[in-house]
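Peer 1: Add 5 to the 1-based position in the sequence shown for the numbering used here, that's all there is to it.
A virtual CB, placed ideally from N, CA and C, is assigned to each residue, including glycine.
Nothing here was measured: the structure is a model prediction, and the numbers come from that model.
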Amino acid sequence: MLKKAYREDNIAYRILILIFILMISISYTTIKTNSNFLEVFSYKKELPIYSVGTDEKKIALSFDAAWGDEFTLGILDILDKYNVKSTFFLVGFWVDKYPEHVKEIYNRGHEVGNHSTNHPYMTKLSDEEIVKELNTTGDKIEKLINEKPILFRPPFGDYNDRVISLCRENNYYVIQWDVDSLDWKELGVQPVVDRVTRNVGKGSIVLFHNNAKYILEYLPIVIERLQEEGYEIVPISDLIYKEDFYMDNTGRQRSNK
Numbered sequence: 006m007l008k009k010a011y012r013e014d015n016i017a018y019r020i021l022i023l024i025f026i027l028m029i030s031i032s033y034t035t036i037k038t039n040s041n042f043l044e045v046f047s048y049k050k051e052l053p054i055y056s057v058g059t060d061e062k063k064i065a066l067s068f069d070a071a072w073g074d075e076f077t078l079g080i081l082d083i084l085d086k087y088n089v090k091s092t093f094f095l096v097g098f099w100v101d102k103y104p105e106h107v108k109e110i111y112n113r114g115h116e117v118g119n120h121s122t123n124h125p126y127m128t129k130l131s132d133e134e135i136v137k138e139l140n141t142t143g144d145k146i147e148k149l150i151n152e153k154p155i156l157f158r159p160p161f162g163d164y165n166d167r168v169i170s171l172c173r174e175n176n177y178y179v180i181q182w183d184v185d186s187l188d189w190k191e192l193g194v195q196p197v198v199d200r201v202t203r204n205v206g207k208g209s210i211v212l213f214h215n216n217a218k219y220i221l222e223y224l225p226i227v228i229e230r231l232q233e234e235g236y237e238i239v240p241i242s243d244l245i246y247k248e249d250f251y252m253d254n255t256g257r258q259r260s261n262k
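So, in structure tokens, the structure goes:
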């Protein structure tokens, strides 16, 4: 009698397990076939644009300007010599100190991007403070060149989902880089040349600093090497997709078309 009861309980237990497995299978199929339902339970990290997926040999050179201005005009002369247009990310207090150079950058055909007002770690700010960092410098730049910037580079490369969402709400594309020249380490000319030319690829965004030591020496060499390899150097806004795109998990922007 006890054995019979045990067998019946065991059969019932197995049936329950089979029903449970079947329910999981049905639920999984439903989630896989219903994107809206899937989105409720999935999480996708917000990413800035590190590089761009393209079949064209196009890249962008960018210069962050926060402290110092000793080499800015020299950089512009080099870019003119090689017929290169680039993107400069400017901090608000740099804009205040060198307004004529902001105009000069723009008048020579380069793109002016926003690099915050006070160069803070953006993730440590409140929503209101983040928006103020964006708008204060954006307004300063617009007053000088009559054009509002559409690109933002977070200081220190510091971002999170909240920062990127707020930037998007304020009509900014958030830009990082996939090739860091490490020029701020002041290791000399050749290390910068090697690092950039060996790591660049189609759709790359290269990070330089406007007041880095040796920049007037290595910049012409880098540009010549890149042009010899067939790369077209364009401003970041000419490289990125403005709409109908998605970000892969490496921060590479890709077209949906």
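1. Alpha helix (DSSP H) containing residue 195: first to last residue?
2. DSSP on residue 227, reduced to helix/strand/coil?
3. Shortest alpha-carbon distance to residue 171 belongs to which of 221, 137, 153 and 147?
4. Taking only three categories from DSSP, how would you classify residue 96?
5. Tell whether a beta-carbon distance below 9 Å holds between residue 211 and residue 182.
6. Would you mind stating whether residue 53 and residue 208 have Cβ atoms separated by less than 9 Å?
7. Measure how close the beta-carbons of residue 120 and residue 95 come, nearest whole angstrom, since I'm counting them as under 8 Å.
8. Please report the distance separating the alpha-carbon of residue 124 from that of residue 252.
9. For residue 67, which three-state DSSP category applies?
10. Here's the rule: buried if 16 or more other CB atoms are within 10 angstroms of the residue's CB, otherwise exposed. What is residue 143?
11. So is residue 78 buried or exposed if we call it buried at 16+ other beta carbons inside 10 Å?
12. Thinking C-beta only, is residue 70 closer than 9 Å to residue 215?
13. So, is residue 173 buried or exposed, given that buried needs 16 or more other C-beta atoms within 10 angstroms?
14. How would you write the range of the alpha helix (DSSP H) that residue 112 sits in, first residue to last?
15. With 16 other CB atoms within 10 Å as the buried threshold, where does residue 247 fall?
16. For residue 79, report the span of its alpha helix (DSSP H) as first-last.
17. Please identify the residue among 202, 132 and 108 whose C-alpha is closest to the C-alpha of residue 230.
18. Please classify residue 99 as buried or exposed, where buried requires at least 16 other C-beta atoms within 10 Å of its C-beta.
19. Measuring alpha carbon to alpha carbon, tell me which of 169, 106 and 141 ends up nearest residue 179.
20. Classify residue 179 as helix, strand or coil using the three-state DSSP reduction.
21. Leaving out the 5 sequence neighbours to the left and right, which residues in its chain are closer than 6 Å to residue 90 when beta-carbon positions are compared?
22. Determine whether the beta carbon atoms of residue 213 and residue 67 lie at a separation below 9 Å.
23. Suppose you measure from the CA of residue 217 to the CA of residue 117; what does that come to, to the nearest Å?
24. Please name the residue in 260, 226, 206 and 259 whose C-alpha comes closest to that of residue 63.
25. What residues in its chain sit with their C-beta under 7 Å from that of residue 261, if we drop five residues either side in the sequence?
26. Check for me: the alpha helix (DSSP H) holding residue 171 runs from which residue to which?
27. How is residue 210 classed by DSSP in three states: helix, strand or coil?
Peer 2: Reading it off the structure:
1. 194–204
2. helix
3. If we check each option's Cα against that of residue 171, 137 comes out closest.
4. coil
5. yes
6. no
7. 5 Å
8. 26 Å
9. Of the three classes helix, strand and coil, the one that applies to residue 67 here is strand, per DSSP.
10. Taking every protein chain shown into account, the CB of residue 143 has 16 or more other CB atoms within 10 angstroms, so this residue is buried.
11. Exposed, by the Cβ-count rule.
12. yes
13. exposed
14. Boundaries of the alpha helix (DSSP H) harbouring residue 112: 104–112, taken from the DSSP string.
15. exposed
16. 77–86
17. It is 202 whose Cα lies nearest to the Cα of residue 230.
18. buried
19. 169
20. Per DSSP, reduced to three states, the secondary structure at residue 179 is strand.
21. Excluding sequence neighbours, residue 90 sits near 114, 115 and 240.
22. yes
23. 19 Å
24. 206
25. 249, 250 and 251
26. 166–174
27. It is a strand residue.
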